[in-house]
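Each step along the sequence shown adds one to the number in numbering that gives the first Met the number 0, with nothing skipped, and position 263 is 262. Where a beta carbon is used, it is the ideal one built from N, C-alpha and C, also for glycine. Keep in mind it's a predicted model, so treat the numbers as computed, not measured. Encoded as structure tokens, the structure appears first; notes follow it.
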Amino acid sequence: MTRLGSWIETFPEGIYVRPADAWVDPSRPKPRALITHGHGDHARGGHGAVLATPETLAIMALRYGEQNGQPVGYGEAVRVGEVDVSFVPAGHVLGSAQIVLEHAGEKIVVSGDYKRREDPTCHPFVPVPCDVFITEATFGLPVFRHPETSGEIDRLLHRLHSDDSRCVLVGAYALGKAQRVIAELRRRGHEEPIYIHGALEKMCALYEDHGIPLGELRLATGASKDELRGKIVIAPPGALNDRWSRRLPDPVTAMASGWMRIRQRARHANVELPLVISDHADWDELTCTIRELEPTEVWITHGREEALKHWCLTHQIKACELNLVGYEDEED
Ligand SMILES: [Zn+2]
Ligand SMILES: [Zn+2]
Numbered sequence: 000m001t002r003l004g005s006w007i008e009t010f011p012e013g014i015y016v017r018p019a020d021a022w023v024d025p026s027r028p029k030p031r032a033l034i035t036h037g038h039g040d041h042a043r044g045g046h047g048a049v050l051a052t053p054e055t056l057a058i059m060a061l062r063y064g065e066q067n068g069q070p071v072g073y074g075e076a077v078r079v080g081e082v083d084v085s086f087v088p089a090g091h092v093l094g095s096a097q098i099v100l101e102h103a104g105e106k107i108v109v110s111g112d113y114k115r116r117e118d119p120t121c122h123p124f125v126p127v128p129c130d131v132f133i134t135e136a137t138f139g140l141p142v143f144r145h146p147e148t149s150g151e152i153d154r155l156l157h158r159l160h161s162d163d164s165r166c167v168l169v170g171a172y173a174l175g176k177a178q179r180v181i182a183e184l185r186r187r188g189h190e191e192p193i194y195i196h197g198a199l200e201k202m203c204a205l206y207e208d209h210g211i212p213l214g215e216l217r218l219a220t221g222a223s224k225d226e227l228r229g230k231i232v233i234a235p236p237g238a239l240n241d242r243w244s245r246r247l248p249d250p251v252t253a254m255a256s257g258w259m260r261i262r263q264r265a266r267h268a269n270v271e272l273p274l275v276i277s278d279h280a281d282w283d284e285l286t287c288t289i290r291e292l293e294p295t296e297v298w299i300t301h302g303r304e305e306a307l308k309h310w311c312l313t314h315q316i317k318a319c320e321l322n323l324v325g326y327e328d329e330e331d
């Protein structure tokens, strides 16, 4: 009997699907790429041809210019070489997909990055039972258990309302996290205008164009100190401690990231209000997903591979590490 998934080859720069002559999320330019989602460590410019969801293609066009793209909507199936390929929601960011590959009677799911909890800005993860589940393990340690998002948003609002002479400056990655924080704030009843850094403007507009309402957004640049008192300002993490933030009225510095679970990280970034809001699966989500899918094998792409591999082995699931390079997941 041949090895399961023998038609897939893994290289440090990505996953090569031989009978499709295509790469999944390659870190170097390739003639044909299947892209799970728009984050920079998965979607890079310069490929010959790109298959991705229409949302991911729009995000790539915004970041890298127009791609030679073939849009594949959720649930649509396309034939690439000798492989049936479909894109299924991953629940990570707008347009994010798991890529389902079927060939030689085997079904292999490349999940990209994913999470299982609710997110008002993207379609929820759809579980696809499969022979091989290729998963990330960014938060693949039992210490990583993300709290309820609503509780983190309430802490943010509580802090905002406790001193209306200050503003709360929230660091959030430009693709996904920033829009999710805004949408979660709206959901918790915060209807005030939210001020954004200029670097977030186009991505927020792209989300709105794809039917994700974000309420009234204003550019923070140009707003007076008085106007910003008692307001929420959202900026990319890099802007939290740089000159840009000096224009703000005595900001309470917050950061929305799964990494905020680690106290030293928050302290290192001078974050006064760490918000544990992640777009990646935590330990329970990773292990529950594997339990639910019951794959014969689990292949782990990046993150804390060791602990998840060990968990799989103790649950009688064959597991291995792929040792791919270039996936940062600092974006969370
Ligand atoms: Zn990602
Ligand atoms: Zn990633």
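Just to confirm my understanding: we take alanine 306, look at its own chain, exclude 5 residues before and 5 after, and list those with CB closer than 6 Å. What are they?
Here residue 306 corresponds to residue number 307 of the sequence shown, with the count starting at 1. Beyond the five residues adjoining it in sequence on each side, alanine 306 comes within less than 6 Å, by CB distance, of Gly139 and Leu140 in the same chain, given in chain order.
Glycine 104 burial status per 10 Å Cβ neighbour count (16 or more: buried):
Position 105 of the sequence shown, counted from the first residue, corresponds to residue 104. Under this definition glycine 104 is an exposed residue.
Residue environment, alanine 76, which counts as buried when at least 16 other CB atoms sit within 10 Å
Taking the first residue of the sequence shown as position 1, residue 76 is located at position 77. Burial call: exposed.
Backbone secondary structure at arginine 2 - three-state DSSP:
Against the sequence shown, residue 2 aligns to sequence position 3. Of the three classes helix, strand and coil, the one that applies to arginine 2 here is coil, per DSSP.
Quick check for students: name the residue ranges of the alpha helix (DSSP H) that lie wholly in the stretch 23 to 86, counting only runs of 4 or more.
Whole alpha helix (DSSP H) segments, 4+ residues: 53 to 63.
For glycine 413 versus isoleucine 14, is the C-beta distance shorter than 8 Å?
Nothing can be reported for residue 413: it is not among the residues displayed for the chain, which extend from 0 to 331.
Looking at the secondary structure, which residues open and close the alpha helix (DSSP H) in which glutamate 183 lies?
Your numbering for residue 183 matches position 184 in the sequence shown. From DSSP, the alpha helix (DSSP H) with glutamate 183 extends over 176 to 186.
Spatial neighbours of threonine 9 in its chain, beta-carbon cut-off 6 Å, leaving aside the 5 residues before and after:
Taking the sequence shown and counting its residues from 1, one reaches residue 9 at position 10. Within its own chain, the residues whose Cβ lies closer than 6 Å to the Cβ of threonine 9, once the five positions on either side in sequence are excluded, are Leu321, listed in chain order.
In angstroms with no decimal places, state the Cα-to-Cα distance between valine 131 and glycine 4.
Against the sequence shown, residue 131 aligns to sequence position 132. Against the sequence shown, residue 4 aligns to sequence position 5. Approximately 7 Å, taken between the alpha carbons.
Leucine 307 in three-state terms, based on DSSP:
Here residue 307 is taken as the residue at index 308 of the sequence shown, counted from 1. DSSP, read as helix, strand or coil, puts leucine 307 in helix.
Return no unless some Cβ of chain C is closer than 8 Å to the Cβ of valine 16.
Although the question refers to chain C, the structure presented lacks it and comprises just one protein chain.
By how many angstroms is the C-alpha of histidine 267 removed from the C-alpha of threonine 295?
Here residue 295 refers to the residue found at position 296 of the sequence shown. Here residue 267 refers to the residue found at position 268 of the sequence shown. If I take the Cα positions, the gap works out to 41 Å.
Ends of the alpha helix (DSSP H) at cysteine 203?
Sequence index remark: in the sequence shown, residue 203 carries index 204 (1-based). Here the alpha helix (DSSP H) through cysteine 203 covers 200 to 208.
Closest Cα partner of serine 26 within the set Ala19, Arg17, Pro11 and Pro18
Translated into the one-based positions of the sequence shown, residue 26 becomes position 27. When each option's Cα is compared against that of serine 26, the closest is Pro11.
Using DSSP with H/G/I as helix, E/B as strand and the rest coil, what is cysteine 319?
As a first step, residue 319 must be located in the sequence shown, where it is residue number 320. If DSSP states are grouped into helix, strand and coil, cysteine 319 belongs with the strands.
Roughly how many angstroms lie between the CA atoms of tryptophan 22 and proline 192, to the nearest whole one?
In the sequence shown, the residue the question calls residue 22 occupies position 23. In the sequence shown, the residue the question calls residue 192 occupies position 193. Taking the straight line from one Cα to the other gives about 42 Å.
Between the alpha carbons of alanine 222 and aspartate 331, how many angstroms are there, rounded?
Taking the first residue of the sequence shown as 1, we reach residue 222 at position 223. Taking the first residue of the sequence shown as 1, we reach residue 331 at position 332. About 28 Å.
Cutoff 8 Å; reference lysine 201; Cβ partners in own chain excluding five residues on either side:
Mapped onto the sequence shown, residue 201 falls at position 202. Scanning its chain for C-beta atoms nearer than 8 Å, with the 5 sequence neighbours on each side dropped, one finds around lysine 201 the residues Leu61, in chain order.
How would you call alanine 171, buried or exposed, if buried means at least 16 neighbouring beta carbons within 10 angstroms?
As a first step, residue 171 is located in the sequence shown; it is residue number 172 there, counting from the start. That one is buried.
Spell out the partners DSSP gives methionine 259 in its beta bridges.
Residue numbering aside, residue 259 sits at position 260 when the sequence shown is read from its first letter. Per DSSP, methionine 259 has no beta bridge partner at all.
Can you tell me which of Gly150, Leu174 and Ile231 puts its alpha carbon nearest to the alpha carbon of glutamate 207?
As a working mapping, residue 207 is identified with position 208 in the sequence shown. Out of Gly150, Leu174 and Ile231, Leu174 has the C-alpha closest to the C-alpha of glutamate 207.
Closest to glycine 210 by CA distance: which of Val49, Glu54, Val16 and Arg2 is it?
Counted from its first residue, the sequence shown places residue 210 at position 211. Here the closest residue by C-alpha is Glu54.
Would you kindly check if the distance between the Cβ of asparagine 67 and the Cβ of valine 92 is under 8 Å?
As a position in the sequence shown, residue 92 is number 93, starting the count at 1. As a position in the sequence shown, residue 67 is number 68, starting the count at 1. No Cβ-Cβ contact shorter than 8 Å links valine 92 with asparagine 67.
May I have the straight-line CA-CA distance separating leucine 56 from proline 70, to the nearest angstrom?
To locate residue 56, count along the sequence shown from 1; it is residue 57. To locate residue 70, count along the sequence shown from 1; it is residue 71. For leucine 56 and proline 70, the distance between alpha carbons rounds to 7 Å.
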